[in-house]
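Structural data, given as structure tokens:
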């Protein structure tokens, strides 16, 4: 299956593109860590792949 075909099928099935789905999944994990107070915001941002706390905060606020 080609990459474009996969993306089309994935989006039709899940309702989101693969990159958007992955981003929302990581941010959901971050939300769980924040609720559990596992670490500070900046540490959680780094754990899920954000180099800057501000970028993480913008992405988080856009989803939640």
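In the numbering used here, the protein residues as written are 1 to 64. Cβ coordinates follow ideal geometry from the N, Cα and C atoms, glycine included.
request  = Under the assumption that residue 39 contacts residue 60 (Cβ atoms under 8 Å), give the Cβ distance between them as a whole number of angstroms.
outcome  = Not quite, the Cβ-Cβ distance comes to about 14 Å (not below 8 Å), so this is no contact.
ask   = So, are the CB atoms of residue 48 and residue 24 less than 9 Å apart?
value = no
task = Taking all protein chains shown into account, decide if residue 56 is buried (16 or more other Cβ within 10 angstroms of its Cβ) or exposed.
result = Label assigned to residue 56: buried.
inquiry  = Using the three-state DSSP reduction, which class does residue 4 fall into: helix, strand or coil?
reply    = helix
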